[in-house]
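Q:
Shown next as structure tokens:
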């Protein structure tokens, strides 16, 4: 026999049967003996009937109790814990108090009356009136026992309900028998009040029909009163046990939370299926939701704190980067201004170079014209040299003929003798002059030929120079076109740089605005970080399951 069999079956049964056979049965027997003193001689039979009834009644009670409590025992002992098994165990456990309450009434009003009173009536030990009164006494005792068995059975299952919280069954009311607290209280009051009244009414009717002297049963009245007081006390304790414990636990939890302990891990035990169980269930649900909210707030506050730290550090980095970008943009703007000035200066230089190139082109054109005139002059000199050469040839021919004439004159003078001597002298002089003229004309011819050669060479050089000047003019025209293109490109660059400078100014303004916004964002992030720290500090006061 395991501990759960003892706890859920044996111990409650022993308490129930101890109250029945230790208090109620002796009280009923003693009351019967006081009403009917003649029963004393049937005492052995009465004891025998009671023992037989006890064996059968207890066996039936044990079977019913074990039948309904065995599923819970199997679950608690490590049996199958699937949903159907748990549902079956909870359903059986919820039926057990009702079954035992009905059964104890049947055991008193049915089995005990049939097993003890009827045999005594058939033996003639009691009259018909006493038989009916005996049924009334047993029935009232059974009624007073119903609340005891119901409450004892319900309280004995508290550990099972704690182990297998019937939360979803409480929520859905699926398959479980439940008696509300108000109905339970009304039932307990009725089951406590009705038996004494019923017994009193039965005694009055018995006195009317049999002429019983009520003064002879004063002790019986006292026992009935004591039994009613005892059952009232026991049932009240059993009724208030679960209710007061749940309310006290809830009060303790709420008081601790109000004092700032903030322990959200504590829960109320669901030990019943009535309003106290529902109260514990919904309170636990509230605590679960509150714990989830606090955990979520704690996580969010931590993430918020970390995010704000990242935002703060990021905003500081962005602020520094914005400042650096502003400095860089200012440097870029200054560089662009310098570049713009350089490009404008280059444009001015290009304009000056273009003007200079135009002047050079003009001078080259003039030089080319001069060279053309020079070439023409050289050509004319060359022609004049040919003419001079022809003249020199003529002079040479004249000198040659003069020399021949002088020679002939000398010959003739020699022939003339003394008379021709003077003419010979003249002929010699003429010949000498002719020779000198021939030599001079030869020198002139040589000089003219050299001059002609040099003039031709100079003419070739001047032609090459003219061609070079022509190529230079073409190059200058290409250079002029390039200067025009460069000037146009410089103008476009100046326009683009002006637009770029405007864009840089706008970027600088945006960066300044962003830097200001970053500083404001850093201030806001600092305020949020402070508030997140305060929130985290407030949430840290609550103790949750994740912080264990």
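Numbering (our numbering), first residue to last: 6 to 553.
Using N, Cα and C, we set each Cβ at its ideal position, and we do this for glycine too.
1. Check whether the segment 72-82 touches the segment 125-135, taking contact to mean three or more Cβ pairs, one atom from each stretch, closer than 8 Å.
2. Are the CB atoms of residue 143 and residue 113 nearer to each other than 7 Å?
3. What is the residue span of the alpha helix (DSSP H) that residue 16 lies within?
4. Would residue 177 be called buried (16 or more neighbouring beta carbons within 10 Å of its own) or exposed?
5. Count the other C-beta atoms from every protein chain shown that fall within 10 angstroms of the C-beta of residue 41, then say buried if there are 16 or more, exposed otherwise.
6. For residue 98 versus residue 153, is the C-beta spacing smaller than 7 Å?
7. Is it right to say residue 367 is buried, meaning 16 or more other beta carbons lie within 10 angstroms of its own, or is it exposed?
8. Could you spell out the range, first to last residue, of the alpha helix (DSSP H) harbouring residue 146?
9. Rounding to the nearest angstrom, what Cα-Cα distance links residue 405 and residue 384 in this structure?
10. So is residue 303 buried or exposed if we call it buried at 16+ other beta carbons inside 10 Å?
11. Our contact map puts residue 29 next to residue 150 with C-beta atoms below 8 Å; I'd like the distance itself, whole angstroms only.
12. Less than 7 Å separating the beta-carbons of residue 244 and residue 193?
13. Rank 215, 199, 211 by C-alpha distance to the C-alpha of residue 230 and give the top, closest one.
14. Is the CB-CB distance between residue 502 and residue 341 below 7 Å?
15. Answer with buried or exposed for residue 363, where buried requires no fewer than 16 other C-beta atoms within 10 angstroms of its C-beta.
16. Quick one: what does DSSP say residue 129 is sitting in, helix, strand or coil?
17. Would residue 458 and residue 393 be called neighbours here (beta carbons separated by less than 7 Å)?
18. Would the segment 49-64 and the segment 116-130 be scored as touching if the rule is three or more Cβ pairs under 8 Å?
19. My parser needs the beta strand (DSSP E) runs of 3 or more residues fully inside the segment 38-77; what are they?
20. Give the straight-line distance between the Cα atoms of residue 479 and residue 344, rounded to the nearest whole angstrom.
21. Give me the Cα-Cα distance between residue 536 and residue 508, rounded to the nearest whole angstrom.
22. Using the C-alpha atoms, what's the distance from residue 522 back to residue 332?
23. Select from 242, 312, 22, 66 the residue whose C-alpha is nearest the C-alpha of residue 190.
24. Taking all protein chains shown into account, decide if residue 256 is buried (16 or more other Cβ within 10 angstroms of its Cβ) or exposed.
25. Alpha carbon to alpha carbon, how far is residue 487 from residue 356?
26. With a threshold of 7 Å between beta carbons, is residue 502 in contact with chain E?
27. Along the chain, where does the alpha helix (DSSP H) containing residue 100 start, and where does it finish?
28. With C-beta atoms as the reference, is residue 141 less than 7 Å away from residue 207?
29. Pick out whichever of 39, 11, 235 has its Cα sitting closest to the Cα of residue 27.
30. If you count every other CB in all the chains shown that lies within 10 Å of the CB of residue 516, and 16 or more means buried, which is it?
31. Please classify residue 330 as buried or exposed, where buried requires at least 16 neighbouring CB atoms within 10 angstroms.
32. Around the Cβ of residue 413, are there at least 16 other Cβ atoms within 10 angstroms (buried) or fewer (exposed)?
A: Here's the rundown:
1. no
2. Here residue 143 refers to the residue found at position 138 of the chain shown. Here residue 113 refers to the residue found at position 108 of the chain shown. Yes, they are a contact pair.
3. The sequence position of residue 16 within the chain shown is 11, counting from 1. Boundaries of the alpha helix (DSSP H) around residue 16: 16-24.
4. The residue labelled residue 177 in the question sits at position 172 within the chain shown. Residue confidence is low: residue 177 scores 49 on pLDDT, short of 50, so the model does not pin down where it sits. No coordinate-derived value is stated.
5. As a position in the chain shown, residue 41 is number 36, starting the count at 1. In the assembly as shown, residue 41 is a buried residue. Its beta-carbon has 16 or more other beta-carbons within 10 Å.
6. Position 93 of the chain shown holds residue 98. Position 148 of the chain shown holds residue 153. Their beta carbons are not under 7 Å apart, which means residue 98 does not touch residue 153 by this criterion.
7. Locating residue 367 in the chain shown gives position 362, where the first residue counts as 1. Its Cβ having fewer than 16 others within 10 Å, residue 367 is exposed.
8. By one-based count along the chain shown, residue 146 stands at place 141. Taken as a continuous stretch (DSSP letters only), the alpha helix (DSSP H) holding residue 146 covers 133-161.
9. Taking the first residue of the chain shown as 1, we reach residue 405 at position 400. Taking the first residue of the chain shown as 1, we reach residue 384 at position 379. C-alpha separation (whole angstroms): 31 Å.
10. As a position in the chain shown, residue 303 is number 298, starting the count at 1. Classification of residue 303: buried, given that the 10 Å Cβ count is 16 or more.
11. The count along the chain shown starts at 1 and reaches residue 29 at position 24. The count along the chain shown starts at 1 and reaches residue 150 at position 145. Between residue 29 and residue 150, the beta carbon gap of about 7 Å places them in contact (Cβ cut-off 8 Å).
12. The count along the chain shown starts at 1 and reaches residue 244 at position 239. The count along the chain shown starts at 1 and reaches residue 193 at position 188. Yes. Within cutoff.
13. Stepping through the chain shown from its first residue, residue 230 is reached at position 225. The shortest Cα separation from residue 230 among 215, 199, 211 belongs to 199.
14. Your numbering for residue 502 matches position 497 in the chain shown. Your numbering for residue 341 matches position 336 in the chain shown. In contact: residue 502 and residue 341 (Cβ atoms closer than 7 Å).
15. As a working note, residue 363 is residue 358 in the chain shown. When all chains shown are included, residue 363 counts as exposed.
16. Counting from one through the chain shown, the residue named residue 129 turns up at place 124. Coil.
17. As a working note, residue 458 is residue 453 in the chain shown. As a working note, residue 393 is residue 388 in the chain shown. Not in contact: residue 458 and residue 393 (Cβ atoms no closer than 7 Å).
18. A contact between stretches requires three or more CB pairs, one per stretch, nearer than 8 Å, and the segment 49-64 meets this requirement with the segment 116-130.
19. none
20. Residue mapping note: residue 479 aligns to position 474 of the chain shown, counting from 1. Residue mapping note: residue 344 aligns to position 339 of the chain shown, counting from 1. For residue 479 and residue 344, the distance between alpha carbons rounds to 33 Å.
21. Here residue 536 refers to the residue found at position 531 when the chain shown is read from its first residue. Here residue 508 refers to the residue found at position 503 when the chain shown is read from its first residue. Approximately 41 Å between the Cα atoms of the pair.
22. Taking the chain shown and counting its residues from 1, one reaches residue 332 at position 327. Taking the chain shown and counting its residues from 1, one reaches residue 522 at position 517. Distance between the alpha carbons of residue 332 and residue 522 is about 17 Å.
23. Position 185 of the chain shown, counted from the start, is the residue given in the question as residue 190. Shortest Cα-Cα distance from residue 190 to any of 242, 312, 22, 66 involves 242.
24. As a first step, residue 256 is located in the chain shown; it is residue number 251 there, counting from the start. Under this definition residue 256 is an exposed residue.
25. Within the chain shown, the letter at position 482 stands for residue 487. Within the chain shown, the letter at position 351 stands for residue 356. Each residue's alpha carbon lies about 12 Å from the other.
26. In summary, chain E is missing from the structure at hand, where a single protein chain is found.
27. On the chain shown, position 95 is the one that residue 100 refers to. Looking at the DSSP string, the run of the alpha helix (DSSP H) that includes residue 100 is 88-111.
28. For the purposes of this step, residue 141 is taken as the residue at position 136 of the chain shown. For the purposes of this step, residue 207 is taken as the residue at position 202 of the chain shown. It is a contact, given that the beta carbons lie within the stated cut-off.
29. Translated into positions along the chain shown, residue 27 becomes position 22. The residue with the shortest Cα to Cα distance from residue 27 is 235.
30. For the purposes of this step, residue 516 is taken as residue 511 along the chain shown, with counting starting at 1. When all chains shown are included, residue 516 counts as buried.
31. Position 325 of the chain shown, counted from the first residue, corresponds to residue 330. If you draw a 10 Å sphere on the C-beta of residue 330, you find 16 or more other C-beta atoms in it, and that means buried.
32. Against the chain shown, residue 413 aligns to sequence position 408. With fewer than 16 Cβ atoms within 10 Å of its Cβ, residue 413 is classed as exposed.
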